[in-house]
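Undergrad: Just passing along the structure, written as structure tokens.
Printed below as a string of structure tokens:
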């Protein structure tokens, strides 16, 4: 029945058309997956099934999708759903409240609650697809929405909806198929027996993205699914994919190493690279997402489906089908906390300083005072303030050293303290200096786009050039100034600068771009050749 | 075809070499065809170079010495 119904429903339109229509034009997310036609078709069908008016109306589902995307910090999808809700006449205030949201599905009960759980699961899938196709990093929502996402609070976990009686494989053909290929029907599917239409589309997606997905070998597919599940500390899915791998003859020790994140020593180089990619797709702090080859796309598709299952299992508070690997995941969590510190060039000194070794702290002070002082001088524009601030920052760091958990590098942690200190000082002196941004992209449309003289550095002596740059920086709103200083002057990586400013990477990028464009504008006034020479 | 607004949004990623390949290709295609964005790209890169050069100065000796002695002094005056 499924095939006929599917053809009927999608008619002649391609999956991309269906998806485009469902979301009002989001082709870039999905277009990269065109080399995986079956996966794309299954996703389109799942999207159509989830979005259809059911026990929960489309509009309410759109709210769930928005809240779930915002909860993951995914600006791209939050923006897409916000536009859809605006088009349906919802106010910005309502939408911002959802994005800031307390619960993904407040006050929804019965079958409607199950559909909300499924919509949140779909959101997890869509977010992974977007992250892997790089549109997430390029998202550029309106400022009010970005602010809402950034100021979001921990969501309350709604109680799982009441379970309906599970269907047996005899009564429901898709369950028979699962039984045939897996040997059993996982609890995560059985638990959705009360919401069959979406479940049917989900199992169809399970076939295309997971069970007989394209490109990857079955073992690789399970391996990347396991790595992704472990990286998001998903007890349910880790147990499921571990069991599958063991059933395929992969040694238990290899499986356990992947779950605990002990490294990929037992795997071939190709497997190891895909495992790292899958882990990156489950971890918002990772940047291991750049690959665009067929295997990487198939990995993203599998991981996206795994995220859907994981989200549903978590929302329904399901026990794993197999032995839960709590200890292995705890090991992973512990080693993850320690991991960045072990690559931290300051780790040994920090360790010594914590035991009270004053000379170790002095060494840390010597290493980092330049960066801290320059940052404070740049933020406040005042050498005396910078000196006082620098002292305050190092004293605070010294006192806080016992609490420094090593989750970030010492230098990032220190810069975070420095930025807070600098911004506090700016605010105290200029109470009107706001950190909110109401600016739109249009405000940053360049006014001066004439070519520059051949060698601008020659036009001014070094001291004059410094003064020029200092003044130009001083004119920037402090939020843009901070981004430019960390990235272009202190030359932190994008991820480090975002961490030091306690911002999501996309926000850091927006602020950095705006800062750079404003600086360019100021410098253009000095270095422009003038319109006559430049124009053709 | 990519608009100039879209190009500008991807400008930082292009300058920092952080654009995914598909995006980079689109940005570069736009660059080849749009003179204004070409100038924008060139002058933004130079802006960053100038800011990096001029902004990354050494803390003056006397300031540095004063800072170290003040901070270490303040640390010692605190009972651990």
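Residue numbers (this note's numbering), protein chains in the order written: chain A, 1086 to 1621; chain B, 515 to 594.
Heads up, the beta-carbon is just placed ideally off N, CA and C, and yes, glycines get one too.
These figures come from a predicted structure and were not determined experimentally.
Count the other C-beta atoms from every protein chain shown that fall within 10 angstroms of the C-beta of residue 517 of chain B, then say buried if there are 16 or more, exposed otherwise.
TA: Exposed is the call here.
Undergrad: Closer than 9 Å by beta-carbon distance: list the chain B residues that pair up with residue 1562 of chain A, in chain order.
TA: Within chain B, no residue comes near residue 1562 of chain A; the closest Cβ sits about 16 Å away, beyond 9 Å.
Undergrad: For residue 529 of chain B, which residues of its own chain have a beta-carbon under 7 Å away from its beta-carbon, when the five flanking residues on both sides are left out?
TA: The beta carbon of residue 529 of chain B is closer than 7 Å to those of 558, 559 and 562 in its chain, skipping five residues each way along the sequence.
Undergrad: Just tell me which of A:1381, A:1553 and A:1419 has its CA closest to the CA of residue 1466 of chain A.
TA: Here the closest residue by C-alpha is A:1553.
Undergrad: Give every residue of the same chain whose Cβ lies closer than 7 Å to the Cβ of residue 1380 of chain A, excluding the five residues on either side of it in the sequence, and list them in chain order.
TA: 1300, 1301 and 1359
Undergrad: Cα-Cα, which of A:1186, A:1212, A:1502 and A:1204 is closest to residue 1485 of chain A?
TA: A:1502
Undergrad: Could you give the DSSP three-state label for residue 1295 of chain A: helix, strand or coil?
TA: helix
Undergrad: Between the beta-carbon of residue 1250 of chain A and the beta-carbon of residue 1221 of chain A, is there less than 8 Å?
TA: no
Undergrad: So residue 1472 of chain A contacts chain B; which residues on that side make the cut at Cβ distance below 9 Å?
TA: 577, 580, 581 and 584
Undergrad: Check whether the Cβ of residue 1483 of chain A lies closer than 8 Å to any Cβ atom in chain B.
TA: yes
Undergrad: Can you tell me whether residue 1183 of chain A is helix, strand or coil according to DSSP?
TA: helix
Undergrad: Determine whether the Cβ of residue 1579 of chain A lies closer than 8 Å to any Cβ atom of chain B.
TA: yes
Undergrad: Look at the alpha carbon of residue 1265 of chain A and the alpha carbon of residue 1597 of chain A, and state the distance between them as a whole number of angstroms.
TA: 53 Å
Undergrad: Grouping DSSP H, G and I as helix and E and B as strand, with all else coil, what is residue 1147 of chain A?
TA: In the structure shown, residue 1147 of chain A falls within a helical segment according to DSSP collapsed to helix, strand and coil.
Undergrad: Using a Cβ-Cβ cutoff of 9 Å, what residues of the stretch 1534-1557 of chain A are near chain B? List them in chain order.
TA: 1534, 1535, 1536, 1537, 1541, 1542, 1547, 1550, 1551, 1552, 1553, 1554, 1555 and 1557
Undergrad: Pick from A:1207, A:1436 and A:1267: whose alpha carbon is nearest that of residue 1332 of chain A?
TA: A:1267
Undergrad: Does the beta carbon of residue 1118 of chain A come closer than 8 Å to any beta carbon on chain B?
TA: no
Undergrad: Who are the neighbours of residue 528 of chain B on chain A, taking C-beta pairs under 7 Å?
TA: Within chain A, no residue comes near residue 528 of chain B; the closest Cβ sits about 11 Å away, beyond 7 Å.
Undergrad: Compute the distance between the beta-carbons of residue 573 of chain B and residue 1450 of chain A, then report whether it is under 8 Å.
TA: no
Undergrad: Assess contact between the stretch 1380-1395 of chain A and the stretch 1115-1124 of chain A, defined as three or more Cβ pairs (one per stretch) separated by less than 8 Å. Is contact present?
TA: The stretch 1115-1124 of chain A and the stretch 1380-1395 of chain A touch, with three or more beta-carbon pairs separated by less than 8 Å.
Undergrad: Per the contact definition of three or more C-beta pairs closer than 8 Å, is the stretch 1595-1610 of chain A in contact with the stretch 1530-1541 of chain A?
TA: Yes, the stretch 1530-1541 of chain A touches the stretch 1595-1610 of chain A.
Undergrad: Here's the rule: buried if 16 or more other CB atoms are within 10 angstroms of the residue's CB, otherwise exposed. What is residue 594 of chain B?
TA: Residue confidence for residue 594 of chain B is low, a pLDDT of 46 falling below 50, so the modelled location carries little weight; the figure read from the coordinates is stated next. By the 10 Å Cβ count, residue 594 of chain B comes out exposed.
Undergrad: Residues in the stretch 1494-1517 of chain A with C-beta within 7 Å of chain C's C-beta atoms, listed in sequence order?
TA: This model lacks chain C altogether; the protein chains it does include are A and B.
Undergrad: Taking a cut of 8 Å between CB atoms, which residues from the stretch 535-567 of chain B lie near chain A?
TA: 535, 536, 537, 549, 550, 553, 554, 556, 557, 558, 560, 561, 562, 564, 565, 566 and 567
Undergrad: What in chain B is Cβ-close to residue 1573 of chain A, meaning under 8 Å?
TA: 562, 565, 566 and 569
Undergrad: May I ask whether a heavy atom of the ligand GTP can be found less than 7 Å away from the beta carbon of residue 1565 of chain A?
TA: This structure lacks the ligand GTP; in fact it carries no ligand of any kind.
Undergrad: Provide the residue(s) that pair with residue 1613 of chain A in DSSP beta bridges, ordered along the chain.
TA: A:1537
Undergrad: What did DSSP end up calling residue 520 of chain B once you bin it into helix, strand or coil?
TA: If DSSP states are grouped into helix, strand and coil, residue 520 of chain B belongs with the helices.
Undergrad: Comparing the C-beta of residue 1609 of chain A with each C-beta of chain B, is any distance below 8 Å?
TA: Yes, contact with chain B.
Undergrad: Does the beta carbon of residue 1569 of chain A sit closer than 8 Å to a beta carbon anywhere in chain B?
TA: yes
Undergrad: By Cβ distance, which residues of its chain are closer than 6 Å to residue 1139 of chain A, with the 5 residues on each side in sequence left out?
TA: 1200
Undergrad: Put residue 1203 of chain A into one of helix, strand or coil per three-state DSSP.
TA: helix
Undergrad: Within the same chain, show all residues whose beta-carbon is closer than 6 Å to that of residue 1233 of chain A, passing over the 5 residues directly before and after it, in chain order.
TA: The beta carbon of residue 1233 of chain A sits closer than 6 Å to those of 1181, 1184 and 1185, all from its chain and outside the five residues before and after it, given in chain order.
Undergrad: Can residue 1368 of chain A and residue 1271 of chain A be called in contact, C-beta distance under 8 Å?
TA: no
Undergrad: Can you name the start and end residues of the alpha helix (DSSP H) that residue 1454 of chain A belongs to?
TA: 1443-1465
Undergrad: Count the other CB atoms within 10 Å of the CB of residue 575 of chain B; is the residue buried (16 or more) or exposed (fewer)?
TA: exposed
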